[in-house]
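Notes to accompany the following structure.
Numbering (my numbering), first residue to last: 258 to 1050.
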């Protein structure tokens, strides 16, 4: 991650003024957690206050919850006509003051009144974000559940689901905004971490909730079933009635507040209709003392609904009760099914009955599980532990410097085929940078997929499509480039906070926007990557007019880089030498190669369904990759090895794929050469680990990323001499002059015939891969980045 994840093992002794923000006061898990954090922060000497967005009347008076806790209702300072809130129809979590507080709350907070705000809940974060933007008070966003999750799990069976396409887009827009502005994003379990990373590019910090375990536990367990928490229809309380009907003579207590009086009345009527009034008790309010008494009478705690965390389960475990709750609920991350309770795979009556009956009939098992669960709570889930970790996050958030904004331009990809090597260089480094960086990615639709999946703090500026996108003819590609250069220049110009501009390749669409913005905004620092130089038109394969235009575009791009870039990064030493002969300055010219993910490649599983091949080619299906050399090379190989098979992996234009298939058939190689198309990385690596030789037929190459991947998979390489083998890679290969088909085939046959020679090259190949890991490359890039920024001014 570009923002270094803070260690949260200790707290600071400094004193801060902290506002812990909730939307309303009631006995919900979020509100109780926030109140307890204020209490514990004050015990640690911090000036903490509970900030409540709105006063809201409930049938039960919850004011006792904040006895002895400094608190402030922000809505009391709103204009009188706007202090009342009205719940929006259908929504349980949204009311009018949720919508207007972002406008009304910021003026209530004075500049510098708080050092930081700790904001609980997605709707509350909208207001704290508004305060941050007006008063520059940083905030920590604690997100128990993203809005998308709430909609799907609470409202998917209501009429509101008809509006999900619109509501989700609106929700994600605002959620992405406050997640981006937050100093830290915190979740209470790992449940929602993948969602936040995927959709918002923020890797959240997990901060589990806490409880106050009682000083002592009962010496034996009671006989009742107990379920407590905050209730509503969506929590599936009727499941408990179906459960208890299957277990004669056992009492069930359901305790906790209800979202509405109507739902509480509905449930009590449901108990009567099921004729369970004598066996089921409903308690709509409890204190810490009464909860301890309820737990002492119970054999186990049971819950009929998946929870992103499940604070009630934690409280029950703290009181020595074994817990029964759906698996993967957040609270189960620290507990083990069969040791601390049971975690059914789904809310299935048959499965629940099996576990509940077992605990009811075996008191010793229930007691043993309850004691084990309480020990986990005392070790990992106290409020003291929670708040010390929170205080460390607060210190980090206040102390951390503003992030360095980096704008990345990567718009050269024109067809829906495999990305070229130049387009793969920045994303793996950006995800590994350890400094305080954030990224804006200016990219085309066709090239955006890998950036969307990248796990880093980022803002995506995806260029609008044009009518020529995706076509492979030269005119369409040229017009696409022109359109992208125009739109990307404006997109980059709008990134006024970008301190560093990084152009991903030396093709003109990536270079021109950086050059233009650098001219008008000279304080911006431009790092230009040069990944490859195409040869003069008469020395290059392909259509003459295309080669001429490509060469002229390259010439113009190189002039812009030479005269405008603060730092130029060549992909290898040979390329650096070429640039020096073209007038580039040695002073700002660096060399940095690519890298591979050794851990990802090395830990993959071999697959039995992957075929065995003697040779492998990996790359785009393009003439400059030497794809038309593969056929005559392999034709010669099978003269001595008739059963040898070659796998050709990679995507490309359809006409090239079809043309290759016809050449294979014409050469009589249909049984020896397979065009496998584009495959997932895991399949590529599994296939290469089972093969014998990698064929590197590129006619032009800057670094040869596929060579590194092949070597990491344990393949020796046979390749043409294009300046990569022997420069980037020192060992583990056999090379022949460019265009020497016979020599290429002879070297391939030699390696197939001599397993000892092949094994020696494999050992050489693997040994040098350790220095080509992306982590090493990223550290080198960060040194270049810091060096470039030191030239500022």
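Note that beta-carbon positions come from the ideal geometry of N, C-alpha and C, so glycine has one too.
Quick one: Cα of residue i to Cα of residue j, how far?
| i | j | result |
| --- | --- | --- |
| residue 305 | residue 645 | 14 angstroms |
| residue 437 | residue 456 | 11 angstroms |
| residue 542 | residue 314 | 16 angstroms |
| residue 1016 | residue 938 | 24 angstroms |
| residue 522 | residue 406 | 27 angstroms |
| residue 322 | residue 697 | 44 angstroms |
| residue 739 | residue 840 | 27 angstroms |
| residue 599 | residue 589 | 10 angstroms |
| residue 480 | residue 554 | 6 angstroms |
| residue 649 | residue 643 | 10 angstroms |
| residue 404 | residue 735 | 43 angstroms |
| residue 701 | residue 721 | 7 angstroms |
| residue 1039 | residue 784 | 12 angstroms |
| residue 420 | residue 409 | 12 angstroms |
| residue 272 | residue 653 | 13 angstroms |
| residue 655 | residue 396 | 9 angstroms |
| residue 213 | residue 929 | Past the edges of the chain, shown from 258 to 1050, lies residue 213, and the structure says nothing about it. |
| residue 964 | residue 974 | 7 angstroms |
| residue 1043 | residue 693 | 11 angstroms |
| residue 717 | residue 709 | 8 angstroms |
| residue 707 | residue 1026 | 24 angstroms |
| residue 775 | residue 820 | 11 angstroms |
| residue 428 | residue 393 | 24 angstroms |
| residue 380 | residue 817 | 48 angstroms |
| residue 1023 | residue 970 | 8 angstroms |
| residue 364 | residue 390 | 11 angstroms |
| residue 962 | residue 443 | 37 angstroms |
| residue 581 | residue 384 | 37 angstroms |
| residue 1035 | residue 301 | 40 angstroms |
| residue 451 | residue 483 | 33 angstroms |
| residue 367 | residue 312 | 21 angstroms |
| residue 1050 | residue 815 | Its pLDDT being 48, under 50, residue 1050 is placed unreliably in this model, and the value from its coordinates should be taken loosely. One C-alpha to the other measures close to 25 angstroms. |
| residue 277 | residue 369 | 15 angstroms |
| residue 473 | residue 1041 | 59 angstroms |
What does DSSP give as the partner residues of residue i in its beta bridges?
| i | result |
| --- | --- |
| residue 484 | 511 |
| residue 757 | 663 and 782 |
| residue 1030 | 853 |
| residue 698 | 665 and 717 |
| residue 934 | 906 |
| residue 1057 | Residue numbering for the chain in the displayed model covers 258 to 1050; residue 1057 lies beyond these limits and cannot be assessed. |
| residue 463 | 444 |
| residue 330 | 309 |
Following a CB-centred definition, is residue i positioned closer than 7 angstroms to any heavy atom of the ligand MG?
| i | result |
| --- | --- |
| residue 656 | The ligand MG is absent from the structure shown, which contains no ligand whatsoever. |
Compute the beta-carbon to beta-carbon distance between residue i and residue j, rounded to the nearest angstrom, for a pair I have assumed lies under 8 angstroms.
| i | j | result |
| --- | --- | --- |
| residue 719 | residue 705 | 5 angstroms |
| residue 977 | residue 954 | 6 angstroms |
| residue 540 | residue 570 | In fact, because the Cβ distance is near 18 angstroms, the residues do not count as touching under 8 angstroms. |
| residue 375 | residue 275 | 6 angstroms |
Once the 5 residues before and after residue i are set aside, which same chain residues still bring their CB inside 7 angstroms of it?
| i | result |
| --- | --- |
| residue 596 | 626 and 629 |
| residue 770 | 666, 742, 745, 746 and 749 |
| residue 299 | 305 |
| residue 616 | 556, 557, 579, 622 and 623 |
| residue 326 | 292, 295, 296 and 307 |
| residue 328 | 306, 307 and 309 |
| residue 889 | 998 |
| residue 793 | 808 |
| residue 1048 | 823 |
| residue 804 | 794 and 797 |
Please return the same chain residues whose Cβ sits closer than 8 angstroms to the Cβ of residue i, not counting the five positions on each side in sequence.
| i | result |
| --- | --- |
| residue 802 | 731 |
| residue 1046 | 661, 756, 757 and 782 |
| residue 872 | 891, 894, 901, 902, 903, 904, 948, 949, 950, 951, 952 and 1005 |
| residue 267 | Unreliable positioning characterises residue 267 in this predicted model, as indicated by a pLDDT of 44, which lies under 50. A coordinate reading is not provided. |
| residue 518 | 316 |
| residue 684 | 707, 708 and 711 |
For residue i, which residues in the same chain have their Cβ closer than 6 angstroms to its Cβ, ignoring the five residues on either side in sequence?
| i | result |
| --- | --- |
| residue 602 | 584 |
| residue 715 | 458, 696 and 698 |
| residue 614 | none |
| residue 851 | 682, 960 and 962 |
Is there a C-beta anywhere in chain B that falls below 8 angstroms from the one on residue i?
| i | result |
| --- | --- |
| residue 399 | In the displayed structure, chain B is absent; only one protein chain is listed. |
Completely contained beta strand (DSSP E) runs for the segment 333-414, where each covers 3 or more residues: 373-377 and 396-399
Minimum length 4: unbroken alpha helix (DSSP H) runs contained in the segment 568-639: 568-575, 606-618 and 620-637
Uninterrupted alpha helix (DSSP H) stretches inside the segment 494-552 (no shorter than 4 residues): 495-502 and 518-530
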